[in-house]
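Step one of this worksheet: look at the structure below.
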Amino acid sequence: MEGNLSVASDVTSILIFFVNGQKVVLKDANPEQTLLQFLRNNLRLCGTKLGCGEGGCGACTVMISQCSPHDQKVRHQAINACLVPICAVDGCAVVTVEGIGSTKTRLHAVQERIAKCHGSQCGFCTPGIVMSMYTLLRNNPQPSQAEMEGVLAGNLCRCTGYRPILEGFKTFTKEFCCKGPGADGQCCMTMKDESGVDVSTALHDVSKFAPYDPTQEPIFPPELMISKRSKTPSRLIVKGERVCWNRPQSLEQLLSLKHQYPRAQIVAGNTKIGLEMKFKNHVYPVLISPSEIKELHTIQSSETELTVGAAVTLTEFGHVMEELIKTLPEYKSRVLVALTDMLQWFGSQQIRNVVTVGGNVMAASPVSDLNPLLAAARSRLTFASKEGGERTIAFTSDFFTGPPNQKVAAREDEVLLSITITFTEANEFLYWFKQARRRDGDAAIASAAMRVKLSDDASEGKRTVEDCSLVFGAMAAKTKSAPKTEQLLIGQEWSNDILPAVSKSLVDDLPLESGAPGGMIEYRHCLVISFFFKFFISVTNCIATIAVEDASAVPKPERLLSKSAQIYQEVPSDQSADDTVGRPIAHLRAEHHATGEAVYIDDIPSVEGQLYMGRVTSTEARAKIKSVDTSAALAMQGVSHYISAADVPGANYMGPVVDDEPLFADGKVFVIGQTVGVVLAETRELAQRAAHAVRVEYEDRETPIITMEQAIDAESFYGVPREVKKGDTDAAFSDSATIIKEGEMRVGGQEHFYLETQASLAVPGEEDEMTLYTSTQHPASSQRMAAKALGVPQNRVTCHVKRVGGAFGGKQSHSGILSSMAVVAAKVSGRPVRFMLDRDEDMASTGQRHPILAKYKIGFTKNGKLTALDIKFYVNGGWTMSLSTAFVWKSASSIDHCYHWPNLTIHGRACRTNLPSNTAFRGFGEVEIAMLTESIMTDVAGWCSLPVEEVREKNMYQTGDKTFYLQKLENVTLLRCWKEVIDRANLDKLKADAVQFNKANRWKKRGVAVVPTKYGVGFVPVPESSQGAAFIVVYVDGSVLLTHGGVEMGQGLHTKMIQICSRVLAIPTSKIFLSETSTNTVPNTTPTAASASTDLNGYAVKDAAEKIRDRLEPYRTKNPDGSWDDWVQSAFQDKVSLSATGMYGAPTPMLESGRIGFQYFTYGAACSHVEIDTLTGDWQVLKTDIVMDVGNSLNPAIDIGQIEGAFVQGMGYFTMEETLVSPSGYALSRGPGTYKIPCCGDIPKEFNVALLRSAPCDKGICSSKSVGEPPLFLASSVFYAIKDAITAARSDAGVTGVFRLDSPATVERIRMACADHVARTQVPPVDKQATPWAIQP
């Protein structure tokens, strides 16, 4: 540690704070521990989850309340517990999800409404969402809808699609109104459709919600209030093993500390230092908290300026500016308006609550949103040091000196005291611009703050530039100005004539090398030019009349409020009230999710003697291991073992199909992130630190194969090509009536981003027994792999899965390999071993959705009728085969999608590359290839100059048609879904309105697209997986215990199984309990995947329940007036078995082609309406309508939730979720900071879902259909609506014809595809020979 810290009499090392009303006195705090770690490890408050560890997902949200030492006011703030150091909560009151309500006492209104409104699926994110909303209500008991939706932008949910969460929380807002009973005394949400069928739009009953009473909330602990008001605060010094935390009480103490320890870091929000300590393994021996320094929290304003203390949070900064804007003249407040506009898109509410103005300045991030604005606004910075006193400097971009470590022009012993912002003058204008991958909570791809001061003389309508500032973020390794362009502008007349010269000068001022960090070189240059054009038009709009066609360049992105409708068919009026099949009942564990009582793997209490596992991973993608030095790791106190391939008692190689993946590297590594070995230690943090201390040396390095193109060139493939032919494509192409075109498309991968990362706990027992608790979709596979690794029979290994915090295919094959490592570690050490991967570790090593590259030749007639398709496609499989050949098979079987193709030639291959092995993902093999098919349909319509809806419809499958593999299609509802969604969306009006909008707006364009889907259900071609099993036990008190082979991972499977069991046994669902899935109760289970689990396990549950029912039937007959409990008791007395197994094997449809067919098909259609900004590529979905055929819905609330969740996940896949790697194979998409899934602000502003009525499926359980995967592809309607909008933009630019747009349609691709004069002529081309920063795999 740096120096020795003196201890005075006014110094304390004891932390005192409250958690959920209970006083905590902590005498031996560890300054490196976060609040999240303390809550979970020390207090066992596990409702607060670890989702990412970087403050990007919101799963760890808690409320912190504190009495300000400066104004004595109590403030409630939602914060990310994963970032807050435990020492920072001294004197605070912390409230976690457990502290506001419980199923054992009463639920808080927030918990009740998210549960009853179906806002929880897997439940892992739910506590964090609850706490964000709870904190908002503590500050404002009746917020606006805009405020509610704004605070939730910092909480990610991968399951629900956000709609039900927003719907539940709207009931707290001032805009909410329950309309009460409708006509005839029925619910206002019940109606009849034209056929007389009862339909409903009510998924919950608002009248049954407990009212929210803010007066019943707990008060701030009086002890803390009294302490703040009456006691002289003590200086806090907490010494840890490696770090010392200091909280001085005066500015003098602070300056003395910085003088004594000039390299000490000042920590407020901890959003920079905390991440560096966690992810970069930096150690900062001395940390200083400025929380008690009054001078750093002062805010003062005068007639001309605003001075803000460096420790003022962005939230407080924003509130002050909002109040000032109300009182200042408009011209003076322009700088404040720009700053408040910036703040609403800065990070999340949780981040803004802790990040300080000064901390953001001194962090000197090159992608800072705030710093360009402060620099452009002519701000001043005031510093102080012990020996140098105070000094004030102008805040310009020169303040930032750039790499290394984002240095600034301040001495190490200086402390930033305040930032002074000068108000704008009457003839001065300031605007801020930013473009990111996602609007909310994302770092800028490029940002700009632009200020101009124009002359007062406006004679003849002319004004000249007197002064200007152009400052940019993310365009260099530091905040950077454009000095040559600024000089160019000064003295120039403010007119259109300046634009060409400014555009060229900006590119010269902001050069980017072809391999510059962040990539997107052409796009970023395009953005800065577009930003200036927006700035020019915005300023001109203030002083003159602008051209009508340019007006659309002015509006900024706005947060439109959401609305929605859900329509489903009511159950028959004579259905028993106890029969919940077809009713929208809530997920049976939703309340446990909302209270934090639901237990996930990492929540399981510590097991005596347990160790934590830390993975040692490879840093090379293709090399031989020369040596492994574990000495430094094993020398650490608390580290017990290093385990590698030599320690595996059984087999080291595993795999879902072929055993080609080693648990531990066997002499060579083939991918960055491959497990070389594992370290076992007493704590998770120690295990991870020890793993980083292991030194691995490599030799014989080879050039890795990363992309599909590289694999094709190297002929690096798995298996044999998948080739399918139908008809004669060559003959069709030679037909004179056939138009022939060729094309190519790439569809990128997608990270699963389940909120609960891969986790397991292995507990060794006697006689080679091993009990495995794991987060997996496939318990039997995890059991098989564990037994194989141990070299024991499977009957020695028991696998338990209570629930999974999201999976989406990502926990089907790879989870077993990871859990087997823990099993081996437990065997070798003889002690329980557990692990939970960090988010970056999970994303960098567990695989994703397969990227796909296709080249095709298409034949069609002039009226858009398809005649032939010859397609070659390749998928990136990664370093082991995993499920890649199965993916190729499924893709080749799904190329037809919804259309009849007379002639087909299909060639598919899986590429072997040096990337993590790609694996199953929701819609496996179907959505990826369907994207190519729909791209072809869109292009055919373009080539034929026909509406794409006409081309799709005239080629669409109908009942009686056969697929190219000769499966006859029965009960095809595709056209019904198609026509109904067109009608519900009012497509003709939407398109007409879009045309009119596009004529009136040059720089904003709208597009509309309708897309169908057809999804084959069943494990094809693995018929042995098409089976389910169940086990039912009835106890003598009449209670029922149900177990089946499926895993609950948010899709409501357990709830549906209980509904089915309840119907068969004719008892209330409250009598049935389902605890977990385990291999010792239901053996040999198949994966919970392929949208088949409801049917397979549902039929098995039905089989078992019917056996029980039939055994009890004589007692029902004998005692018809008796109760269920009576019949059970009588059967027990007669020694009748009250347990039964159920089994179901799905039929294996053999087709004429000799292959196995699907069980049935699920159909649907969606229409989406979008708006894009052609200058930046920004976009938003204005409206989406979905009609989905789910047969007779088992549970409309769950099914609609699955549709919405799949749609939003698919929307991310097709738009913003871009996975990138470096040319060496290093994963660049490693967490929420670098990989963007949709947040609540991204969903369609109007989101309507209707379940097709009167469409029972005779092959599905209770006449239902599978729903988990089929809806995902409907999100491609957003992609094709974007493409439609781009087409309008290209037309304005004079560019017509069919064009290629790869998926995802990122903001970069959208902007560059608009092909205006900026994109075509003013952006310098990238050197194609240079090594890029990132590549697409």
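First residue of the sequence shown: 34, per the working numbering; consecutive thereafter. Quick reminder that beta carbons are idealized off the backbone N, C-alpha and C, glycines included.
Once you ignore the five residues that flank residue i on each side, which residues in its own chain have a CB closer than 6 Å to its CB?
i: Ile426; result: Leu414
i: Ile112; result: Ile97, Gln383, Asn386 and Val387
i: Pro1202; result: First, the residue type needs correcting, since residue 1202 is His and not Pro in the sequence shown. Here the set comprises Leu1023, Val1041, Leu1215 and Lys1216.
i: Pro1120; result: Gln810, His811 and Gln845
i: Arg836; result: Glu1081
i: Gly752; result: Thr918
i: Val1066; result: Leu1074 and Ser1172
What number of angstroms, rounded off, separates the C-alpha of residue i from the C-alpha of residue j?
i: Tyr1177; j: Gly1238; result: 29 Å
i: Phe786; j: Leu1184; result: 38 Å
i: Pro588; j: Arg146; result: 36 Å
i: Leu169; j: Pro1304; result: 33 Å
i: Val341; j: His352; result: 12 Å
i: Gly124; j: Cys115; result: 19 Å
i: Tyr1048; j: Val319; result: 58 Å
i: Pro754; j: Ser927; result: 16 Å
i: Ala1352; j: Asn951; result: 35 Å
i: Gly84; j: Cys501; result: 44 Å
i: Asp489; j: Pro405; result: 26 Å
Can you look up residue i in the DSSP assignment and give me helix, strand or coil?
i: Lys888; result: strand
i: Arg616; result: coil
i: Pro118; result: strand
i: Val1328; result: coil
i: Ala1308; result: helix
i: Ala792; result: strand
i: Val390; result: helix
i: Cys192; result: coil
i: Ala1063; result: strand
i: Ser514; result: strand
i: Leu140; result: coil
i: Phe954; result: coil
i: His151; result: coil
i: Val1014; result: helix
i: Tyr645; result: strand
i: Pro1153; result: coil
i: Trp465; result: strand
i: Gly993; result: coil
i: Cys100; result: strand
i: Gly1040; result: strand
Apart from the five residues on each side of it in sequence, which residues of its chain come closer than 8 Å, Cβ to Cβ, to residue i?
i: Ser538; result: Ala515, Lys517, Thr518 and Leu521
Using C-beta distances below 7 Å, list every residue in its chain close to residue i, excluding the 5 sequence neighbours before and after it, in chain order.
i: Asp929; result: Thr996 and Phe997
Starting from the N-terminal side, write out each stretch of the alpha helix (DSSP H) that is 4 residues or longer and does not extend beyond the segment 527-594. 532-542 and 554-576
Are the segment 1198-1214 and the segment 1323-1342 touching, with three or more C-beta to C-beta distances below 8 Å? yes
Which whole runs of the beta strand (DSSP E) in the segment 275-344 are 3 residues long or more, in chain order? 277-280, 319-321, 332-334 and 338-342
With a floor of 4 residues, list each alpha helix (DSSP H) that falls wholly inside the segment 729-775, ordered by position along the chain. 741-747 and 762-767
State whether the segment 823-843 contacts the segment 790-810, with contact taken as three or more CB pairs (one from each stretch) at a distance under 8 Å. yes
Secondary structure, beta strand (DSSP E): runs of 3+ residues fully inside the segment 684-713: none
Any contact of the segment 126-141 with the segment 172-179, i.e. 3+ C-beta pairs under 8 Å? no
Is it a yes or a no for the segment 647-659 touching the segment 701-720, going by three-plus beta-carbon pairs under 8 Å? yes
Output the residue ranges of the beta strand (DSSP E) runs that lie fully inside the segment 1172-1218 and measure 3 residues or longer, sorted by chain position. 1172-1178 and 1193-1206
Check whether the segment 416-434 touches the segment 147-160, counting contact only when three or more Cβ pairs, one atom from each stretch, lie closer than 8 Å. no
So, do the segment 715-727 and the segment 882-891 have three or more beta carbon pairs nearer to each other than 8 Å? no
Starting from the N-terminal side, write out each stretch of the beta strand (DSSP E) that is 3 residues or longer and does not extend beyond the segment 888-934. 899-911
Spell out a yes or no on whether the segment 1269-1283 and the segment 593-604 are touching, meaning 3 or more CB-CB pairs, one atom from each, closer than 8 Å. yes
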